[in-house]
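See below for the structure under consideration.
Residue numbers (our numbering): 47 to 177.
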């Protein structure tokens with residue numbers, strides 16, 4: 047495996063699938079993984095390489111996925127162009143969604159709760175200060 051781009055793509059793809067992403071980014075990543083699953087659906091060893099890397103990521107499984115992607119891009123220039131275009135599109139969507147914040151409050155909560163992304167200045171809830 048000599049292509050650093052495919053290693054970076056495989057590593058990034060696996061990271062995306064194992065990271066909590068905003069809904070738009072999660073959908074984009076799912077589309078890319080489905081593209082790969084569809085591509086290799088008739089090749090059992092390749093299909094297994096994809097699944098193992100996505101479900102049980104380790105340095106070895108990611109390296110195997112990168113090697114598979116490199117082999118396929120060298121074998122089929124159409125796949126190469128399509129994969130790289132799809133990857134770039136997903137990369138842009140993930141980057142655009144990284145600023146999103148998902149707030150969740152659950153369980154037994156008492157007292158005041160503030161859900162916010164960017165706060166400039168203080169937050170107060172009325173009542174008495176502790177001073």
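Beta carbons are placed, not taken as given, at the ideal position from N, Cα and C, and that holds for glycine.
Residues of the same chain with a CB within less than 8 Å of the CB of residue 77, apart from the 5 flanking positions on each side, are 132 and 136 in chain order. Each of 80, 91, 61 and 85 was checked against the Cα of residue 110, and the nearest Cα belongs to 91.
Rounded to the nearest angstrom, the Cβ distance from residue 79 to residue 100 is 6 Å, consistent with a contact under 8 Å. By the Cβ-count criterion, residue 85 is buried, with 16 or more other Cβ atoms from all chains shown falling within 10 Å of its own Cβ. Note on residue 108: 16 or more other CB atoms within 10 angstroms of its CB, so buried under the neighbour-count rule.
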